[in-house]
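A.B. asks:
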Amino acid sequence: MAKSLIILSILILIMCIAVQPALAAPDIVIPGRVVGGPLDPLQSSSFMVPSPVKPVSPVENSLVKNPSAGIVHSPVRNSMAEVNTQEKHEEIVTAVQNNSQGSLSYAPDRVIVKYKTSQISTQSINQVQTEANSALGASVIADVKTLGVEGLQVVSVPNSTGTEKAVELYEMNPMVEYAQPDYLYTINSSSFTAPVVINPQAVSYRDTINTKLSTSKTPEPSAQDSNSESCPACSNQVLQTNAVSVEDSLTEDERYAKARAEVDEINGYVAENNLSWTAAVNPIMLLSEDAREHLKGLKHDLERSEMVSSDIPVTPMEGLPTSFDWRNNGGDYTTPIKNQGSCGSCWAFATTGAFESYKEIKAGNPSLNPNYAEQYLVSCAADQYGCNGGYFDSMAYFVNQAGSSGGTGTVTETSFPYTATTGTCKSLSGYTRYTVDTSAGETWGYVGGGNEWSIPSDDAIKTAIYLYGPVAAGVYAESTFDSYSSGILDSTASASYANHAIIIVGWGTSNGRTYWICKNSWGTSWGESGWFRIYSGRLRIGEGAAYFKYTATNPTGGTVNFGSTPSGAEIWVDGANTGMTTPYTQTSVPAGTYSVTYKLAGYTDYSTSVTVTSGQTSTVSATLTPTPTGSIGLSSSPSGARIWLDGADTSKNTPNTLSLVAVGTHSVSLVLSGYNSYATTVSVTEGNTVTVSATLTQATPGSQKFANDPSFGILWGLHNTGQSGGTVDGDIDAPEAWSLTTGSSSVIVAVVDSGVDYNHPDLAANMIAGYDTRNNDNNPMDDNGHGTHCAGTIGAVGNNGVGVTGVNWNVKIMPLKFLSSSGSGYTSDAIEAFAWGYSHGARIFSNSWGGYGIDYALRDAINLYPDALFICASGNGDAYGNPYNTDTYPHSPSSLPNANILSVTATDRYDQRAYWANYGATSVDVAAPGVSIYSTIPGSAYGYKSGTSMATPHVAGVAALVKSVNPSATVSEVKSAIMNGVDVKSGLSGKCLTGGRVNAYSSISSTTPLVARFYGIPDTTVYPLTVRFFDASEGSPTTWNWNFGDGNTSTVKNPVKTFYQTGTMTVQLTVGR
C-alpha cells in the first residue's frame, strides 16, 4: 500500500503544516492479451515512424453485384468472412447484418501484402517485392513510408487478375507472410430512438465500422437472410413479373395498429430532439413490409454506370440564392404529383417527371403541363426491369436509345396509359414521339460528371437545378421516410446506397442548413400533398443526381458592388461569410434578392437586402457606426484564473482588464485548476469599467464539480441523476473526476473516424491539426457527422457556457479522417492514419469502427506502436438487434490480440449492457455509456447517437484524464487504471473481462500520486483546545491514520480532537489506498 505522511506541530494556539510526498504505488497488472514485447510509456518513445507521404487513394464505397470496378462482394475464401451492416436508429445500435453468407467487402483491385522481414536485408526485401509485383503486373501505391510497417505494401492489381486471384498468387510466394484484400470498414452508431423497420437491403453499421477479415466461423445468417444475395437492390435478376401483393397475415385493424405504434415512436423521438418534421400513418405505412420495400425500385450497377457518357460536369456557380423553387419561378414549371401504385417504378416516374419539366422550361411555358407515359419505360425499356426496378440511365430513352417498340422517344400518357404492371411493350408506330433536341447537342448525364453512386456537392446540384431544371435523384427510403408527413425530414438512418428515385425541384435554408424540395411518386396522400423537404446530407439524398442538359435559359445574373466606410468589413450574404471584404465586386450573381451584412470589429453590424437583376449592376454601400464599448476589470484570489467571456476563452488570466467590450450584458467565468469555477454576469456601459472580483474556493477531492454548459443536464453518461427514467449514478462519475482534473492541453487524443468539424464552436478551442488519408490532404473536415459526435464526447470544451461538455474540458483532439461521407473506409487508410497520428504526437487513439474477423494488417500496424493505447468499439450485433459474442466471432480491431488495445461495449441509462452491443468474456474489456448520447455534430449543432461508437469516446476521454494527472503513465498503467477502476455490475458478468462499467473518478484516483495534506481549525481559543481537522490530501486516499502526539489516534477522515495537555503536539497523518 502506498502511503504518505504529514506532520503537524501544535503549540496550543499555533499550528504549522509540513508535507511529505507520497511513496510510489506499485504497478497493478491486469490479465489480458499480449502481442510482442513489453509496453513503453505512453508519453514518449525513441521509435519514430517515417514521415508519411502520399496515402492510398481508395475506391469509393458501396457494395455492388457486377464487380468490373468499384467495391465487390466475394464468396468466402479461406474461412475469412464479413457481415454487412445496417445503420439503425437510436436505442437500437448499429447492427451488423449477414446478407450474404460469409462475404467480405473490399476494394476490387487492391491487395495488402506482408513480406517476411526477419533477418533479411532491406535490399533483399525490396528485390523480392519488385519481382513479385512485376510477375502480377501490380503497382505499389503504399509501403513502409506511409504505412509504417516493414515489409507491408498496398498494391494495385490488374482487373483481369482480380483481388482474390492476386491474393492466392501472392500467398504462393514463400517470402510472403500473408496477403489479404484491402477491406472496407464502416461506423458503429445511429441517431434514432424508435425501433424502425429494417431495410434488409441496407449496408450500413450504426456506430461500428463493419467488414473484417476472419480466421474463424462467421455468425450464421438469420432465416430471412440465409438465401438472399449480398446486395438485393443491386441484383440484375427479375424477381417477379408485376407488383407484389400487399396481403399478409395481419388484419386491417392489426396493420393500422402496427403502423400507429411505429409512427408514435418516431414522433416521440422527433419531439424529444426538437426536430422540425412529423410522421403520420399514411397509405404507405399500411402496406406490408415487403410491399413497402418493393415500391423502392432504384437499382445500382457500377459497370453500366461507368459505361454511360456522363462527360458533362456542371461547374458550380458562385453566389447562388439561399432558396429557389421551380414551382414558383415566374410560374410552376413542375407537373402534378403522380402515383406509381404498387409497382416498383419510381425510377420511371423520376426520369419522366424531369423530362416533363425540361419541356416546360425550354419552352418558357409553365402552362404547357405535358403528361408523358411512365408505362413506356416500364414496358419498353429493355435494359430496365419494369416493376422490379430500374436505373437513371433510362434517361437515354429520351435522347437516342430506342425502346422495344422501335424508334426513339416517349409518348403521351393517353397513348400508353399507366397500369402499375410491367406489362408488354406495344407498337408505337404512328404515335408522336418526344425527345430532347440532339441536333442542338442536348443530352443527359450525371450531375458533376459522377455516376449513379455519387452524391454531388450541394452547389453542383443547385447549379444543375438553377440552370437546367429539376433533377432525378436517389434517396434512402426507410421507416422515417415512409412515415413522413410534413416539415423538413431530418433522419440520420443511413445505408451505403439509395433505393428510391425522386425529383429535386429546388432548395431552401433553415437554421443555416440547406434542405431540398422534392417530388415523390406516392400520390397526394403522402407527405406534403406528395412533396417533401429533406435536409442535405440525410438519407443519401441526391445520390446519382441526373439531368437533361440543353442551352440554359435561366439568366446568367448581374453584378454587385460592395463598399463600406471604413473598408475591410467582412461581407456576409444570406447569413454566410463570403470570405471577401469591402470593397469588392461580385459578377455573375444569379438574379434574386439577397440579405447582406457587413461585419467589422469595433463597429455595429450593418444589414440590408439587395435585389439582383440580370445584366445590371447593384450597389451596397454603408457608413459603419462604431460600436459603443466599455471595459471589464477582473481579479481573483488566488490569481492566475483563466478568463472566459460569453463562453469563449480570452487567453488571459487574472488580474487583467478586458477592453473594447461591447455595451450590454455578458457572462464571465474564472477557471483555475484545483478550484471551483466562478461564474457571474456583468453589465457593460459605454466608456465605463465594471469590476469583477472573486475569491475562488478550493475543490474538495471526491466532491462533485459541475460544468456550466447548458446541455450538461442531459449528458446522463457523465452524470446520471435518473433523468429520462434512468438509474441514478449509472454513469462514469465525471463530476467527481473533475474535482481532481478537467484534463490537460498537453494530452492528444486522435479521433480516427470520418473527420471532425474543427470549426464547431464547442470544439474549436480543443482542436489541433490532423490529416485526411482518404483524400490525401490536410483537411480532415467531417462530411458524415460520426467523428464530430465522438470528438464532442471526448473533449467538447467544458464550462464555457456553450452546448455540451466532453469528458475532458481541456484536451487536444487530432482529427484523422479515413472514412468517407458514407461512413466507410479501408484498412490501408486506417493504417496510414495511425502512422500520421503517431508521428505527430498522438498516444491515445479512439476507434469507433470495426468489422468481423481478424485483420492481420491492422494487427501488425497497431503492434508497431506499443506505447500508444488504441481504444476500440466492440460492435453492435446484427440487423435485428442480436449481439455477437466476439470470443467466438472476432471483431477487428477490438478483438485483435494486441496488448495495447482496450475493447469497449455499451451500456444504457439503466446501467445495463445495451441489448444490441457485442460482448465477450475475454475479448471485450470494459463497458461505457453508449445509448442516446448527446454530443456535437457538424454545423455548430448537436444531436443524439447510439452505439458502441458512442461508448468508445467515453473511455478514450477517461484515458486522457488519467494521462493529465500522471503524464508518465505507461500504456499498461493507463489500461490497468481504467480496468481496475470499473464499477462492477452483475449484468456485465461474463460479458466483458472486468465485468464492469468505467468510472473516471476511480481510474484517476488510482493513478494520481498520493500526497497527504490537512489543515486544522480551532473551535476554542482557551484551554482545553478543541481542533477540527480536515483531510485535504491528493490522490483520493481511502484510509486515514491520525497520530495526535498525545498518545491518541484516529482513523476518521475528518476527526475532532480536544487537547488537554499543554505544550507542543506533533500531529501526523498517514494516508493510503
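First residue of the sequence shown: 1, per full-length UniProt numbering; consecutive thereafter.
Backbone N, C-alpha and C fix where the C-beta goes; we use that ideal spot for every residue, glycine too.
For E442, I'd like the list of residues in its chain whose CB is within less than 6 Å of its CB, leaving aside the five on either flank, ordered along the chain.
C.D. replies: Here the question's residue 442 lines up with position 442 in the sequence shown. Counting only Cβ-Cβ distances below 6 Å, and skipping sequence neighbours, we find V436, Y550.
A.B. asks: So, V958 versus A914, is the Cβ gap smaller than 8 Å?
C.D. replies: In the sequence shown, counting from the first residue as 1, residue 958 sits at position 958. In the sequence shown, counting from the first residue as 1, residue 914 sits at position 914. Against a cut-off of 8 Å, the Cβ pair of A914 and V958 comes out as no contact.
A.B. asks: For E570 and N577, I'd like the C-alpha separation in whole angstroms.
C.D. replies: Locating residue 570 in the sequence shown gives position 570, counting from the first residue. Locating residue 577 in the sequence shown gives position 577, counting from the first residue. Cα-Cα distance, rounded: 7 Å.
A.B. asks: How many whole angstroms separate the CB atoms of N653 and R642, which I take to be in contact at a CB cut-off of 8 Å?
C.D. replies: The count along the sequence shown starts at 1 and reaches residue 653 at position 653. The count along the sequence shown starts at 1 and reaches residue 642 at position 642. That pair is a contact at about 6 Å.
A.B. asks: With H, G and I counted as helix, E and B as strand and the rest as coil, what does DSSP make of Y497?
C.D. replies: Position 497 of the sequence shown holds residue 497. It is coil, neither helix nor strand.
A.B. asks: Taking only heavy atoms of the ligand GTP into account, decide whether any of them is closer than 7 Å to the Cβ of T1051.
C.D. replies: The ligand GTP is not part of the structure shown, which contains no ligands of any sort.
A.B. asks: Just list the residues that DSSP pairs I534 with in beta bridges.
C.D. replies: In the sequence shown, residue 534 corresponds to position 534, counting from 1. Answer by DSSP bridge pairing, in chain order: L489, W516.
A.B. asks: Below 6 Å CB to CB, which residues in the same chain sit around M580 once its five sequence neighbours on both sides are set aside?
C.D. replies: Taking the first residue of the sequence shown as position 1, residue 580 is located at position 580. Excluding sequence neighbours, M580 sits near I571.
A.B. asks: Where does the unbroken alpha helix (DSSP H) through V749 begin, and where does it stop?
C.D. replies: Your numbering for residue 749 matches position 749 in the sequence shown. Here V749 belongs to no alpha helix (DSSP H); instead the beta strand (DSSP E) covers 743 to 753.
A.B. asks: CB-CB under 7 Å to S635, same chain, minus the five flanking residues each way: which ones, in chain order?
C.D. replies: Position 635 of the sequence shown, counting from 1, holds the residue named residue 635. Result list for S635: T654, P655, S693, in chain order.
A.B. asks: How about the segment 322 to 342 and the segment 500 to 514: do they share at least three Cβ pairs that are nearer than 8 Å?
C.D. replies: The answer is yes - the segment 500 to 514 touches the segment 322 to 342, with three or more Cβ pairs under 8 Å.
A.B. asks: Less than 8 Å between CB atoms is the rule here; does G523 satisfy it with respect to chain C?
C.D. replies: Note that chain C does not occur in the displayed structure, where there is just one protein chain.
A.B. asks: Considering just the uninterrupted stretch of the alpha helix (DSSP H) at C790, what are its terminal residues?
C.D. replies: Locating residue 790 in the sequence shown gives position 790, where the first residue counts as 1. Residues 786 to 795.
A.B. asks: Report yes if the CB atom of A498 is closer than 8 Å to the CB atom of R533, and no otherwise.
C.D. replies: For the purposes of this step, residue 498 is taken as residue 498 along the sequence shown, with counting starting at 1. For the purposes of this step, residue 533 is taken as residue 533 along the sequence shown, with counting starting at 1. No, they are not a contact pair.
A.B. asks: Beta carbon of T1007, beta carbon of V965: below 8 Å?
C.D. replies: Translated into positions along the sequence shown, residue 1007 becomes position 1007. Translated into positions along the sequence shown, residue 965 becomes position 965. The answer is yes: Cβ separation under 8 Å.
A.B. asks: Within the continuous beta strand (DSSP E) that includes N126, where are the two ends?
C.D. replies: Position 126 of the sequence shown, counted from the first residue, corresponds to residue 126. Segment 122 to 136 is the alpha helix (DSSP H) holding N126; no beta strand (DSSP E) there.
A.B. asks: With DSSP collapsed to three states, give me the class of G331.
C.D. replies: Within the sequence shown, numbered from 1, the residue matching residue 331 stands at position 331. Residue state, collapsed to three classes: coil.
A.B. asks: Whose C-alpha, out of A857, Y865, W849, is nearest the C-alpha of A842?
C.D. replies: By one-based count along the sequence shown, residue 842 stands at place 842. When each option's Cα is compared against that of A842, the closest is Y865.
A.B. asks: Less than 8 Å separating the beta-carbons of S457 and G544?
C.D. replies: For the purposes of this step, residue 457 is identified with residue 457 of the sequence shown, where counting begins at 1. For the purposes of this step, residue 544 is identified with residue 544 of the sequence shown, where counting begins at 1. No, the Cβ-Cβ distance between S457 and G544 is not below 8 Å.
A.B. asks: By how many angstroms is the C-alpha of A960 removed from the C-alpha of G806?
C.D. replies: Your numbering for residue 806 matches position 806 in the sequence shown. Your numbering for residue 960 matches position 960 in the sequence shown. Rounded to whole angstroms, G806 to A960 spans 11 Å at the Cα level.
A.B. asks: Can you tell me whether residue 1082 is buried or exposed? The criterion is at least 16 other CB atoms within 10 Å of its CB, across all chains shown.
C.D. replies: Residue 1082 lies beyond the residue range present for the chain, which begins at 1 and ends at 1073; the question has no answer from this structure.
A.B. asks: Which one of T604, G633, D860, S1003 has the shortest CA to CA distance from V690?
C.D. replies: Here residue 690 is taken as the residue at index 690 of the sequence shown, counted from 1. Residue G633 is the option with its Cα nearest to V690.
A.B. asks: Can you grab the Cα-Cα spacing for the pair V167 / Y185, in whole Å?
C.D. replies: Translated into positions along the sequence shown, residue 167 becomes position 167. Translated into positions along the sequence shown, residue 185 becomes position 185. Between V167 and Y185, the C-alpha separation is close to 19 Å.
A.B. asks: Candidates S949, Q1068, G409: which alpha carbon is nearest S894's?
C.D. replies: By one-based count along the sequence shown, residue 894 stands at place 894. It is S949 whose Cα lies nearest to the Cα of S894.
A.B. asks: Span of the alpha helix (DSSP H) holding E374?
C.D. replies: For the purposes of this step, residue 374 is taken as the residue at position 374 of the sequence shown. Looking at the DSSP string, the run of the alpha helix (DSSP H) that includes E374 is 374 to 380.
A.B. asks: Below 8 Å between beta carbons: does that hold for D783 and S821?
C.D. replies: On the sequence shown, position 783 is the one that residue 783 refers to. On the sequence shown, position 821 is the one that residue 821 refers to. In contact: D783 and S821 (Cβ atoms closer than 8 Å).
A.B. asks: Taking only runs that begin and end inside the segment 993 to 1026, name each unbroken alpha helix (DSSP H) of 4 or more residues, in chain order.
C.D. replies: As far as the segment 993 to 1026 is concerned, its whole alpha helix (DSSP H) runs of at least 4 residues are 1000 to 1007.
A.B. asks: Taking contact to mean 3 or more Cβ pairs, one atom from each stretch, closer than 8 Å, check whether the segment 986 to 1005 and the segment 1057 to 1065 are in contact.
C.D. replies: Flag = no, the segment 986 to 1005 and the segment 1057 to 1065 do not touch.
A.B. asks: Tell me, please, whether the segment 940 to 954 touches the segment 899 to 908 by the rule of three or more beta-carbon pairs shorter than 8 Å.
C.D. replies: Yes: the two stretches touch, three or more of their Cβ pairs being nearer than 8 Å.
A.B. asks: By DSSP, does E478 sit in helix, in strand, or in coil?
C.D. replies: Position 478 of the sequence shown holds residue 478. Note: E478 maps to coil in three-state DSSP.
A.B. asks: How many whole angstroms separate the CB atoms of S669 and N799, which I take to be in contact at a CB cut-off of 8 Å?
C.D. replies: By one-based count along the sequence shown, residue 669 stands at place 669. By one-based count along the sequence shown, residue 799 stands at place 799. Confirmed, Cβ separation roughly 6 Å.
A.B. asks: Classify I1017: buried if its beta carbon has 16 or more other beta carbons within 10 angstroms, exposed otherwise.
C.D. replies: As a working note, residue 1017 is residue 1017 in the sequence shown. Looking at its Cβ environment, which holds fewer than 16 other Cβ atoms inside 10 Å, I1017 is exposed.
A.B. asks: Between G1035, F1044, S1050, which lies nearest to T1064 when the distance is taken from Cα to Cα?
C.D. replies: Within the sequence shown, residue 1064 is the residue found at index 1064, counting from 1. Measuring from the Cα of T1064, the nearest candidate turns out to be F1044.
A.B. asks: Looking at the unbroken alpha helix (DSSP H) that takes in residue 1074, where does it start and where does it end?
C.D. replies: Because the chain is modelled from 1 through 1073, residue 1074 falls outside the range shown and cannot be assessed.
A.B. asks: Out of curiosity, what's the CA-to-CA distance linking S935 and L718?
C.D. replies: Locating residue 935 in the sequence shown gives position 935, counting from the first residue. Locating residue 718 in the sequence shown gives position 718, counting from the first residue. Cα-Cα distance, rounded: 12 Å.
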